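J.: Protein chains in written order, with our numbering: chain A, 12 to 455; chain B, 1462 to 1920.
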């Protein structure tokens, strides 16, 4: 029987996922464990591995399709095999779905399968007809009025077990006890308030003279960040070099430009925008810095990009996200500035789409607002470089024999030594510094 | 790649070895005797072979009931042949484990291992002593029969289970101390082979872990086969000279003569000669202490199987061996004992999974119990094996199936279905429109489930 490739649930709050790109075509041989399709949730992007050996016999959701998690994206089977039946309710028959999907391929990015799935009401009004849950866990949750969607399953393939429901019920009871009015107005921990859609915080609260330990399950976004950052540090040869750029002239120029723009009501131009512009220009000059080290296939390879998709790290309360400005090298300074603001805004409102968080070729992380100087940014894999921006500091600097008040900006460049050596990385960093110190170059 | 040394080549050890090898480790198994451990060499496998011979004898004896005439005088037990068959089965399986070791490039060293430091074990081999170093260790040394303090094993009169499966002839009389799984299986072998068997069990019933009504079916059958069963009775003395044991019953002291006394009162973990004290691995009389990942008190040393106590079953050892090896290779996995089937290969067979009725009542109070007798099952009638029943225990709130006990023909195979139900956390109502093939013994399981919810058809 054909094996189904299913849109996984990547985080607690994930409702739907996007098929970014199939790496295989119908008819291609597939090895189990091989990456076959890139997908993304609102927060992260990942490659789905083939659940079985065989041939990709049908694609049910095409590139660009947005579907609820649990939806069948494609089928792996033997050559000539027919798909027997769809295991998910809602679609009439998978064969039709697959056929419709193929037909829809050329005209519309969103396949017929998606439409069918979305318009047919799921049984019992639950979207998760594909939700894996044990019969007794289901009954227990229904009895308690607990939303199964809010429970993370720990059984095989994320199946929700009795134990998971029991834990969720215990947590809910604990949170009820917690939020009940208490006489001495206890201070809530800094973490987000407990709710069923967020990683539950198991707080064991006691009298003030005792130790308070807060246990937070590592799930959702935190888990993704944890995995990716550890992977980055463990699986690349990253190191950081630092330099300081003299921003005195740039700051003067920025003030001029900003006041001019304000008059024209064209929004604000910030130092960050100018730094981003300097990075983009430098990446165009030092293309090796605009690369990725890829190990997804048997032979590792370095991909060097002609385009610059610039990632800008944005700290949210829940964790770090990296919205991506696509083709930043084709934007004017003003357009770049607007794109940075718009994506930052969307990120803070949690409205980024998967597309807006994927495909970056280089990332900028700015901790200047926190007064940080140099630091060691962690690569956003598979990118070969990330630039850390610190806080501008006014210091006395010798200009020739004369001591002047200058504004220095600490820059920390982490690069992957597998992709490039110290000298070219230093040249790139030097180029960024040059651009910042000769700000007129940023306008040209 | 690192080196993992596994001490013991039984079910826990060899599964751990294969798992670690597949994770790219260099694996060395140190085994004192034959690969396969107690299970293959002196436990599960040889006893099942003997039981199958007993079963075959019984079948031939009953052949006339099926219209097959067998001259009674022509049927006899060729005990040497029975042993040969058992040995050939064991040999094939032991070779199979050896093949698996070779296939997975696991080095096997024959010898007795003990820790010199927490990174080096000394191996006493037949041809000298070798020191083997590794960065991680998995202890899977298994268990051995417990002795009676006043009647230690002498190998001829007072014997343990390993010796009982290789007796030179069928004894005329056999006294079995302990009516647990091992004792009952041997009773079932030798009573059908023609020995006069006596079982002395301290608890109030045979198979103390199982429900009384289930154990009772076996007791009746053993008694029909000529066995004498004392429950609530302790052995108080043993005299090798007269081959007589004395038992303390409610009525007083009784003396029983027996050609052999099989002591089957349990098994204890093999922890003593490993040098665990030298390296600080914590253990007690119940076994080596491990957490859910099979890690001992020394972080790079793991233990699994009978040596950690717990449930002493080969299939549990398989699971623990895999868990230990995965964790030793850096893959996090916890052992799960959610649905472990328990099989007793007596005649009739007994198999169960999950809670017994007694345990379920203690935990859930008023449980629903659905039973179905094999007497009402067509296939059992055809097999001419109608003793026994299936019992399904359903908890009252969510109708979850929390326990299944089967006593009757092919119970040990049927329990597999029950194990799936418990593993998947099935509720009785989820099984309502389940279709069982007809005519099969398995229909009884469905009927018992329906009975628990009051809907059985044929009951």
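Cβ coordinates follow ideal geometry from the N, Cα and C atoms, glycine included.
Nothing here was measured: the structure is a model prediction, and the numbers come from that model.
So is residue 1788 of chain B in contact with chain A if we call contact Cβ pairs under 9 angstroms?
T.: Along the second chain, one-based indexing puts residue 1788 of chain B at 327. Not one chain A Cβ lies under 9 angstroms of residue 1788 of chain B.
J.: Based on the DSSP secondary-structure assignment, which residues constitute the bridge partners of residue 1721 of chain B?
T.: The count along the second chain starts at 1 and reaches residue 1721 of chain B at position 260. Residue 1721 of chain B pairs with B:1635.
J.: Since I believe residue 1589 of chain B is in contact with residue 1496 of chain B (beta carbons under 8 angstroms), could you give me their beta-carbon distance rounded to a whole number of angstroms?
T.: The count along the second chain starts at 1 and reaches residue 1496 of chain B at position 35. The count along the second chain starts at 1 and reaches residue 1589 of chain B at position 128. Not quite, the Cβ-Cβ distance comes to about 21 angstroms (not below 8 angstroms), so this is no contact.
J.: In its own chain, which residues sit with a C-beta less than 8 angstroms from the C-beta of residue 1828 of chain B, not counting the 5 before and 5 after it?
T.: In the second chain, counting from the first residue as 1, residue 1828 of chain B sits at position 367. Here the set comprises 1818, 1821, 1822, 1854, 1855, 1856, 1857, 1863.
J.: Let me see if you follow: with CB-CB separation under 9 angstroms, is residue 1895 of chain B close to chain A or not?
T.: Position 434 of the second chain, counting from 1, holds the residue named residue 1895 of chain B. Taking Cβ atoms only, chain A never reaches closer than 9 angstroms to residue 1895 of chain B, which makes this a no.
J.: Out of A:52, A:57, A:448, which has the shortest C-alpha to C-alpha gap to residue 262 of chain A?
T.: Working through the first chain from its first residue, we reach residue 262 of chain A at position 251. The option with the nearest alpha carbon to residue 262 of chain A is A:448.
J.: By Cβ distance below 6 angstroms, which residues in the same chain neighbour residue 313 of chain A in space, the five residues on each side in sequence not counted?
T.: On the first chain, position 302 is the one that residue 313 of chain A refers to. These residues qualify, in order along the chain: 302, 304, 430.
J.: What residues in the stretch 145-175 of chain A have a beta carbon less than 8 angstroms from any beta carbon of chain B?
T.: If the cut-off is 8 angstroms between Cβ atoms, the stretch 145-175 of chain A has 145, 146, 147, 148, 150, 151, 154, 172, 173 near chain B.
J.: Output needed for residue 1525 of chain B: all residues of its chain with C-beta closer than 8 angstroms, excluding positions within five of it in sequence on either side, in chain order.
T.: Here residue 1525 of chain B corresponds to residue number 64 of the second chain, with the count starting at 1. Result list for residue 1525 of chain B: 1531, in chain order.
J.: Can you tell me the Cβ-Cβ gap for residue 1605 of chain B and residue 1731 of chain B, rounded? I've got them flagged as a contact below 8 angstroms.
T.: Here residue 1605 of chain B refers to the residue found at position 144 when the second chain is read from its first residue. Here residue 1731 of chain B refers to the residue found at position 270 when the second chain is read from its first residue. Rounded, the Cβ-Cβ distance is 6 angstroms, consistent with contact.
J.: Could you name each continuous beta strand (DSSP E) segment of 3 residues or more that falls completely within the stretch 1756-1828 of chain B, going from the start of the chain to the end?
T.: 1762-1764, 1803-1805, 1810-1815, all fully within the stretch 1756-1828 of chain B.
J.: Any idea what DSSP makes of residue 1669 of chain B, helix, strand or coil?
T.: The residue you call residue 1669 of chain B lines up with position 208 of the second chain. If DSSP states are grouped into helix, strand and coil, residue 1669 of chain B belongs with coil.
J.: Less than 8 angstroms between the CB atoms is what I'm expecting for residue 1651 of chain B and residue 1635 of chain B, so what's the real figure, rounded?
T.: Position 190 of the second chain, counting from 1, holds the residue named residue 1651 of chain B. Position 174 of the second chain, counting from 1, holds the residue named residue 1635 of chain B. Confirmed, about 5 angstroms.
J.: Quick check on the DSSP output: the beta strand (DSSP E) that includes residue 463 of chain A runs from which residue to which?
T.: Lying before the first or after the last residue shown, residue 463 of chain A is absent from chain A, which here runs from 12 to 455.
J.: If the cut is a Cβ gap below 8 angstroms, which residues of chain A does residue 1909 of chain B touch?
T.: The count along the second chain starts at 1 and reaches residue 1909 of chain B at position 448. Those do not exist, as residue 1909 of chain B stays about 18 angstroms from chain A at its closest Cβ, beyond 8 angstroms.
J.: So what's residue 33 of chain A in DSSP terms, helix, strand or just coil?
T.: By 1-based counting over the first chain, the position of residue 33 of chain A is 22. Strand, per DSSP.
J.: Quick one: using the 10 Å Cβ neighbour count with 16 as the cut-off for buried, is residue 250 of chain A buried or exposed?
T.: Numbered from its first residue, the first chain carries residue 250 of chain A at position 239. So residue 250 of chain A counts as exposed.
J.: What span of residues does the beta strand (DSSP E) with residue 57 of chain A cover, start to end?
T.: Residue mapping note: residue 57 of chain A aligns to position 46 of the first chain, counting from 1. Here the beta strand (DSSP E) through residue 57 of chain A covers 56-60.
J.: Using only CA atoms, which one of A:427, A:326, A:337, A:349 lies nearest to residue 379 of chain A?
T.: On the first chain, residue 379 of chain A is found 368 positions in, with the first residue counted as 1. Residue A:326 is the option with its Cα nearest to residue 379 of chain A.
J.: DSSP on residue 452 of chain A, reduced to helix/strand/coil?
T.: Position 441 of the first chain, counted from the first residue, corresponds to residue 452 of chain A. Helix, per DSSP.
J.: For residue 150 of chain A, count neighbouring Cβ atoms within 10 angstroms of its own Cβ and tell me buried if that reaches 16, exposed if not.
T.: For the purposes of this step, residue 150 of chain A is identified with residue 139 of the first chain, where counting begins at 1. When all chains shown are included, residue 150 of chain A counts as buried.
J.: In chain A, which residues lie less than 8 angstroms from residue 1891 of chain B when you measure between Cβ atoms?
T.: As a working mapping, residue 1891 of chain B is identified with position 430 in the second chain. Simply 146.
J.: Would you say residue 1860 of chain B faces chain A, with C-beta separation under 9 angstroms as the test?
T.: Taking the first residue of the second chain as 1, we reach residue 1860 of chain B at position 399. Chain A, which has a Cβ nearer than 9 angstroms to the Cβ of residue 1860 of chain B, makes this yes.
J.: Taking contact to mean at least 3 C-beta pairs separated by less than 8 angstroms, is the stretch 1681-1690 of chain B in contact with the stretch 1646-1660 of chain B?
T.: Touching, yes, given that three or more Cβ pairs across the two stretches are closer than 8 angstroms.
J.: Could you tell me the boundaries of the beta strand (DSSP E) in which residue 1464 of chain B lies?
T.: Start at 1 with the first residue of the second chain, and residue 1464 of chain B comes out as number 3. That run of the beta strand (DSSP E) goes 1464-1468.
J.: Going by C-alpha distance, which of B:1745, B:1840, B:1492 is nearest residue 1929 of chain B?
T.: Because residue 1929 of chain B is not part of the residues shown, which for chain B are 1462 to 1920, the question remains open.
J.: In the DSSP assignment, the alpha helix (DSSP H) including residue 1476 of chain B goes from what residue to what residue?
T.: By one-based count along the second chain, residue 1476 of chain B stands at place 15. Its alpha helix (DSSP H) spans residues 1472-1483.
J.: Report, in whole angstroms, the separation of the C-beta atoms of residue 182 of chain A and residue 145 of chain A, which I expect to be a contact under 8 angstroms.
T.: The residue you call residue 182 of chain A lines up with position 171 of the first chain. The residue you call residue 145 of chain A lines up with position 134 of the first chain. Wrong, their Cβ atoms sit about 19 angstroms apart, outside the cutoff.
J.: Quick check on the burial criterion: 16 or more other C-beta atoms within 10 angstroms. Buried or exposed for residue 1714 of chain B?
T.: Residue mapping note: residue 1714 of chain B aligns to position 253 of the second chain, counting from 1. It is exposed - the Cβ of residue 1714 of chain B has fewer than 16 other Cβ atoms within 10 Å.
J.: Looking at chain A, which residues of the stretch 1871-1891 of chain B have a Cβ within less than 7 angstroms of any of its Cβ atoms?
T.: Hits within the stretch, in order: 1885, 1886, 1887, 1888, 1891.
J.: Under the DSSP definition of a beta bridge, which residues are partnered with residue 1597 of chain B?
T.: Indexing the second chain from 1 puts residue 1597 of chain B at position 136. Bridge partners of residue 1597 of chain B: B:1465.
J.: Whose C-beta lies closer than 6 angstroms to the C-beta of residue 1612 of chain B among residues of the same chain, with five residues either side of it excluded?
T.: Taking the first residue of the second chain as 1, we reach residue 1612 of chain B at position 151. Cβ neighbours of residue 1612 of chain B beyond the five flanking positions: 1619, 1699.
J.: To the nearest angstrom, how far is the alpha carbon of residue 1509 of chain B from that of residue 33 of chain A?
T.: Residue 1509 of chain B sits at position 48 when you count from the first residue of the second chain. Residue 33 of chain A sits at position 22 when you count from the first residue of the first chain. Going by the C-alpha atoms only, they are around 53 angstroms apart.
J.: For residue 1788 of chain B, which residues of its own chain have a beta-carbon under 8 angstroms away from its beta-carbon, when the five flanking residues on both sides are left out?
T.: Residue mapping note: residue 1788 of chain B aligns to position 327 of the second chain, counting from 1. Hits under 8 angstroms: 1754, 1755, 1756, 1763, 1794.
J.: Quick check on DSSP: helix, strand or coil for residue 423 of chain A?
T.: Taking the first chain and counting its residues from 1, one reaches residue 423 of chain A at position 412. Residue 423 of chain A falls in the strand class under three-state DSSP.
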